[in-house]
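Reviewing the structure listed below.
Number of protein chains: 2
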Amino acid sequence: MKPDLSDDLRSLLPLTPAVFYVLFALMDGDKHGYAIMQQTTAHSDRKFRMGPATLYTTLQRLLDLGLIEEVERGRNSEDSRRRYYRIARTGKLLLEAELARMDSAVRLARKRKLVPGTTD
Amino acid sequence: MKPDLSDDLRSLLPLTPAVFYVLFALMDGDKHGYAIMQQTTAHSDRKFRMGPATLYTTLQRLLDLGLIEEVERGRNSEDSRRRYYRIARTGKLLLEAELARMDSAVRLARKRKLVPGTTD
DNA sequence: ACGTCTATATCACTTAGTGATATATCTACT
DNA sequence: AGTAGATATATCACTAAGTGATATAGACGT
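The listed protein sequences derive, respectively, from chains A and B.
Using my numbering, the first residue of the first sequence is number 1, and each one after it goes up by one.
Using my numbering, the first residue of the second sequence is number 121, and each one after it goes up by one.
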């Protein structure tokens, strides 16, 4: 059984594109800001391009909310400018809730034949 | 073959929640504003509640963009206050593009086991 | 040493969403 | 007929979020 999200977190749903793609990019490992920006362009099939202003203000907001955490660089000799981030437990729960919402919208649309069915 | 979206329309992706749910509500038939508000609450499993301010400003914006059209009431003796809307061709294309984006995000997440698989 | 890419950061501005409130109609009940 | 409550649209003042532009500087190849 999964814990329910607090009202506080639930009020963030639906996630804004910037918040969604930052959390989404971090789901497969810790990353620094610039890498998140690049992955986001790739993950969204170039449909969403996040500029630096959006990225860094979003990262700060997510830190304040406790949805992500900064991780002290463990690596030996990385680029000294980089700041690495990790998705926090609450951030993951929130991302899962958002994905469930998307999934249910897509399923409903599929019943109305607005989206091609699964092929994989 | 589907026509590509113009740059103008593509810049609206990802859709804001308000825009998405209005178009989504209209995909199964013409509706008036208040009905859209109610269906949205239902469609989103109460995860998104759109107040009147958001609804009516969004409807106006969508009319200006040509994504929806107002339909003159053909019915005989309906509630005279109601204004009915229909999704326009471009609005449907845009909604389909957004659903495809969501679908691809959900599929990617499923590979990472962040979303339960299909059961239906 | 130079140019380009990488990387983070902030400013001023625009756009979108929101709580509150207003106004009017419709419907059901007495 | 009166009226209470739900339905329906609309707008205001405010807040939150995103954005283009710009700044600054370290990394990397030639």
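Beta carbons are placed, not taken as given, at the ideal position from N, Cα and C, and that holds for glycine.
Predicted model, so just to flag it, every value in this text is computed and none were measured.
Collapsed DSSP secondary structure at residue i in the structure displayed
{"i": "arginine 10/A", "result": "helix"}
{"i": "lysine 92/A", "result": "helix"}
{"i": "valine 106/A", "result": "helix"}
{"i": "lysine 113/A", "result": "coil"}
{"i": "glutamate 98/A", "result": "helix"}
{"i": "phenylalanine 48/A", "result": "coil"}
{"i": "threonine 136/B", "result": "coil"}
{"i": "leucine 5/A", "result": "coil"}
{"i": "aspartate 79/A", "result": "coil"}
{"i": "methionine 157/B", "result": "helix"}
Alpha carbon of residue i to alpha carbon of residue j, nearest angstrom
{"i": "leucine 228/B", "j": "histidine 43/A", "result": "9 Å"}
{"i": "glycine 149/B", "j": "threonine 177/B", "result": "21 Å"}
{"i": "glutamate 96/A", "j": "proline 3/A", "result": "12 Å"}
{"i": "leucine 219/B", "j": "aspartate 103/A", "result": "10 Å"}
{"i": "glycine 186/B", "j": "leucine 214/B", "result": "11 Å"}
{"i": "proline 14/A", "j": "phenylalanine 140/B", "result": "11 Å"}
{"i": "glutamate 72/A", "j": "proline 52/A", "result": "22 Å"}
{"i": "methionine 50/A", "j": "valine 22/A", "result": "10 Å"}
{"i": "valine 235/B", "j": "lysine 151/B", "result": "32 Å"}
{"i": "methionine 27/A", "j": "lysine 92/A", "result": "8 Å"}
{"i": "arginine 201/B", "j": "leucine 175/B", "result": "16 Å"}
{"i": "serine 126/B", "j": "lysine 47/A", "result": "12 Å"}
{"i": "alanine 208/B", "j": "glutamate 190/B", "result": "10 Å"}
{"i": "glycine 153/B", "j": "tyrosine 204/B", "result": "7 Å"}
{"i": "arginine 86/A", "j": "aspartate 45/A", "result": "23 Å"}
{"i": "glutamine 180/B", "j": "arginine 221/B", "result": "25 Å"}
{"i": "glycine 237/B", "j": "glutamate 198/B", "result": "44 Å"}
{"i": "aspartate 128/B", "j": "isoleucine 68/A", "result": "34 Å"}
Neighbour flag for residue i against chain B, beta carbons, 9 Å
{"i": "leucine 95/A", "result": "yes"}
{"i": "serine 6/A", "result": "no"}
{"i": "aspartate 28/A", "result": "yes"}
{"i": "lysine 31/A", "result": "no"}
{"i": "proline 146/A", "result": "Since the first residue of chain A shown is 1 and the last is 120, residue 146/A is not available in this structure."}
{"i": "arginine 89/A", "result": "no"}
{"i": "leucine 121/A", "result": "Outside the displayed span of chain A (1 to 120) sits residue 121/A, for which this structure offers no information."}
Strand pairing of residue i, partner residues [DSSP]
{"i": "histidine 152/B", "result": "Tyr204/B"}
{"i": "glutamate 190/B", "result": "Tyr205/B"}
Proximity test, Cβ basis, 9 Å: residue i and chain A
{"i": "arginine 130/B", "result": "yes"}
{"i": "proline 236/B", "result": "yes"}
{"i": "arginine 202/B", "result": "no"}
{"i": "alanine 286/B", "result": "One cannot answer for residue 286/B here, as it falls past the ends of chain B, which runs 121 to 240."}
{"i": "alanine 220/B", "result": "yes"}
{"i": "alanine 229/B", "result": "yes"}
{"i": "leucine 182/B", "result": "no"}
{"i": "arginine 232/B", "result": "yes"}
Scan the region 157 to 174 of chain B for residues whose Cβ lies nearer than 8 Å to a Cβ of chain A and list them as they occur along the chain.
Under the 8 Å Cβ criterion, the region 157 to 174 of chain B contributes His163, Ser164, Asp165, Lys167, Phe168.
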